[in-house]
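First the structure, in the form of structure tokens, and then the observations on it.
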Amino acid sequence: MTTARTHEMLESGSSRDSRRRVWDRFMRYTALAATIAAIAPLIALIYFVTTRAIPWLDAALFVNNPLDKPSGISNAIFGSLQLTTAAIIAVAPIGILAAIYLNEYASQRLVSWSELVIDVMLGVPSIVVGMFAFMVIVPQLGVSAGSGVVAIGILMLPIVIRTTQEVLRLVPASVREASLALGVPVWKTVTFVVCRTAFSGILTAVILAYSRGLGETAPLLLTVRGTFAQNWFDFGTTMNAMPLTIYSYSGAADSRTIGQAWAAALILMVMALALNIIVRARTVNSRVA
Amino acid sequence: MGSEETTKRATKGTTSRLTGSDGADSAAPDTRPASTYALELNNVEAFYGTFRAVAGVSLKIAPKSVTAFIGPSGCGKSTLLRVLNRMHETLPGTSVKGETLLDGVDLYGPKVDPVRARRLVGMVFQKPNPFPTMSIYENVISGLRLAGVRSKSELEGVAETSLRKAALWDEVKDKLHQPGTSLSGGQQQRLCIARTIAVKPEIVLMDEPCSALDPVATLKVEELVRELAVDYTIVIVTHNMQQASRVSNTTAFFSMNEQRAGYLVEMDATNKIFTNPKEQLTSDYVAGRFG
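Sequences listed follow chains A and B, in order. Residue numbers for the first sequence follow our numbering, so the first one is -12 and each next one is one higher. Residue numbers for the second sequence follow our numbering, so the first one is 8 and each next one is one higher.
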């Protein structure tokens, strides 16, 4: 390359150069604007929910039921926890074992097929699951917490399976080989080596599913419907839940009821957020090997 | 003399450790002559699906010796090594033909449980693979603990002897409860060796155990290999010919035929393979002319 050419290339600014810079800037600020547009509604949502809810947050809210004076949403808070906890207890062992089977034992063919089914299940709108539960489960168990548990469980199951599968896949093959080569039987390798290595991730999968189940509304509307009474552990009758409270209180005429809807929304949001933060923190800390 | 009797008893031990019958339930005492070889392979072939990766290998390995498997990449050395502790079959679609005798007992016999075979024939892998969620101590005793040994004193004793034998004790004795993965690569590999010998195998297989290590760590592992040969029969796969010449008594040279199946070219005393091999192919390989 000659010196003349170097000079020409580097130093003779052309109109094309400035046009390019304009486009660079244009792209950059358009993308920034889009990012702000994406975040703004989220911020607004958090702002509205928080400011509207805070005036109504008092002790009565957490300990009293709707018909008490002063009224509260204790039955909804503890109803949601009972429903979601019962569902996760029922679903987590099944989901984890299914994921273990698919990842450690099943043939590739079966894995592909079941992954297709699980993906479909993940994509089923929750109202469809709710309708299924209403048509098939409610006639058996009645409008009750039990029916709600089944519906929420159906929605949680694919999340548990899928996430556990991903976590088990992260366990390096060399770990399984090391165990087998020590003369450890396959079942012990799976239980005490693979699952132990992936334990933190499996717990994360369960928390993730729990957080999803906590906010499900549609299936509860069709199966549990809600009540003003406090229900402790009687899954044969109806129960209240936070999404149901939010749904029925939002349209109310008096400011106290509407305020309690905001408060329920905030509590639900904080719970889901807290669980998601736990999941995030865990996934950062639990890199396998 | 007593030595023949000892070998005979050793054989019997191997049989019962392989098949799980502890002599009491077998009516007749094992009177088969003791094998003078730790391992004897007759026409062994290994397959991945229909692809034959190892073709007709026959060889004999003397007890308490170091045997090196050398040869170009893809010549089936590692596959053959994995045949020797029944790890080959853990991959889907694989199969093995021929006879693999461990102390005269067919490793692939109908009564042999692969789990037992692997307790007798331990394996150290190319990349150090300590269990990531276990401490140094837990790693060493993992094989025993998972085999059901509960006694704390026994486990602690085995942990110390194994770490001593693996020349790692002095470096880790004060941090036994730190994660195994906190060690350096060379220490991790010696930890894996300690873990392997903790289950008291007869044979230790090593699949390029130094290829992920720096020269100093390599030297330490090589020293260790020679020390271990006092108690164990060692088969080591290596790409490094200096390593083969440094650590082994016997060297087996493998190559690939036209169908890409690995076969044994020749096996002889290590110094003979490196100075005066019978086959031209071997002398070309050890001189660095191919592979």
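Just so it is clear, CB atoms sit at the ideal spot from N, CA and C, and this is done for glycine as well. In this text, all values refer to a predicted model and were calculated from it rather than measured experimentally.
Quiz prompt | Residues, ordered as in the chain, of the segment 133 to 149 of chain B that lie near chain A by beta-carbon distance below 7 Å | solution = Lys134, Asn136, Phe138, Pro139, Thr140, Ser149
Quiz item: What whole-angstrom Cβ distance do Leu25(B) and Leu127(B) have, given they're in contact under 8 Å?
Solution: Indeed, because the Cβ distance is near 6 Å, the residues count as touching under 8 Å.
Quiz prompt | Contact under 9 Å by Cβ, Thr191(A) with Thr270(A) | solution = Taking C-beta atoms as the reference points, Thr191(A) and Thr270(A) count as a pair closer than 9 Å.
Quiz item: What residues in the segment 158 to 174 of chain A have a beta carbon less than 9 Å from any beta carbon of chain B?
Solution: Val158, Pro159, Ser161, Val162, Arg163, Glu164, Ala165, Ser166, Leu167, Ala168, Leu169, Gly170, Val171, Pro172, Val173
Self-check item: Contacting residues, own chain, Cβ-Cβ under 6 Å from Pro139(B) (five flanking each side not counted)
Solution: Once the five neighbours on either side are set aside, the close Cβ partners of Pro139(B) are Thr188.
Self-check item: Endpoints, alpha helix (DSSP H) assigned at Ala18(A)
Solution: Following the DSSP letters along the chain, one finds Ala18(A) inside the alpha helix (DSSP H) bounded by residues 2 to 40.
Self-check item: Cβ neighbours of Val147(B) in the same chain (closer than 8 Å, five flanking residues each side left out)
Solution: Val165, Ala166, Ser169, Leu170, Leu198, Ala201, Arg202, Ala205
Exercise. Starting from Gly269(B), trace the beta strand (DSSP E) both ways and give me its first and last residue.
Key: 269 to 276
Exercise. Can you say whether Leu(-3)(A) is buried or exposed, counting buried as having 16 or more other CB atoms within 10 angstroms of its CB?
Key: In this structure Leu(-3)(A) is exposed. Its beta-carbon is surrounded by fewer than 16 other beta-carbon atoms within 10 angstroms.
Practice problem: Report the residue from Ala248(A), Leu260(A), Ser134(A), Ala259(A) whose alpha carbon sits nearest the alpha carbon of Asp221(A). | Solution: Ser134(A)
Quiz item: In whole angstroms, what separates the C-alpha of Pro186(B) from that of Met141(B)?
Solution: 6 Å
Quiz item: Out of curiosity, what's the CA-to-CA distance linking Pro53(A) and Arg157(B)?
Solution: Each residue's Cα considered, the two are about 56 Å apart.
Exercise. Note down the Cα distance separating Glu286(B) from His95(B), rounded to an integer number of angstroms.
Key: 29 Å
Exercise. Taking C-beta pairs closer than 9 Å, name the residues in chain A that Arg296(B) reaches, listed in chain order.
Key: Within 9 Å Cβ-Cβ: nothing; Arg296(B) doesn't reach chain A, min ~34 Å.
Self-check item: Segment limits, alpha helix (DSSP H) that includes Ala160(A)
Solution: Its alpha helix (DSSP H) spans residues 160 to 168.
Quiz item: For Gly129(B), which of helix, strand or coil comes out of DSSP?
Solution: Assignment of Gly129(B) by DSSP, reduced to helix, strand and coil, places it in the strand class.
Quiz prompt | Separation of Gln95(A) from Arg125(B), as counted between CA atoms | solution = 26 Å
Quiz item: What separation, rounded to the nearest whole angstrom, lies between the Cα atoms of His(-6)(A) and Ala21(A)?
Solution: 40 Å
Quiz prompt | Contact set between Ala201(B) and chain A, taken where Cβ atoms lie within less than 8 Å | solution = Ordered by position in chain A, no residue passes the 8 Å Cβ test against Ala201(B), which lies about 12 Å from the chain.
Exercise. Closer than 6 Å by C-beta to Ala196(A): which residues in its own chain qualify, once you throw out the five before and the five after it? Chain order, please.
Key: Met143, Ile146, Val147
Exercise. Output yes if chain B places a C-beta closer than 9 Å to the C-beta of Gln95(A); else output no.
Key: Yes - at least one Cβ of chain B is within 9 Å of the one on Gln95(A).
Quiz item: How would you call Ser5(A), buried or exposed, if buried means at least 16 neighbouring beta carbons within 10 angstroms?
Solution: exposed
Quiz item: If we ignore side chains and look at the alpha-carbon of each, how far apart do Asp291(B) and Asn283(B) end up?
Solution: 11 Å
Quiz prompt | Under 9 Å (Cβ pairs) to chain A, residues found in the segment 97 to 114 of chain B | solution = So the list reads Thr97, Pro99, given in the order they occur along the chain.
Quiz prompt | CB of Thr178(A) within 9 Å of CB of Gly82(A), strictly | solution = It is not a contact, given that the beta carbons lie outside the stated cut-off.
Quiz item: Buried or exposed: which applies to Ser85(B), given that a residue is buried once 16 or more other Cβ atoms fall within 10 Å of its Cβ?
Solution: buried
Practice problem: Measure the Cβ-Cβ separation of Val237(B) and Met213(B) and say whether it is below 9 Å. | Solution: no
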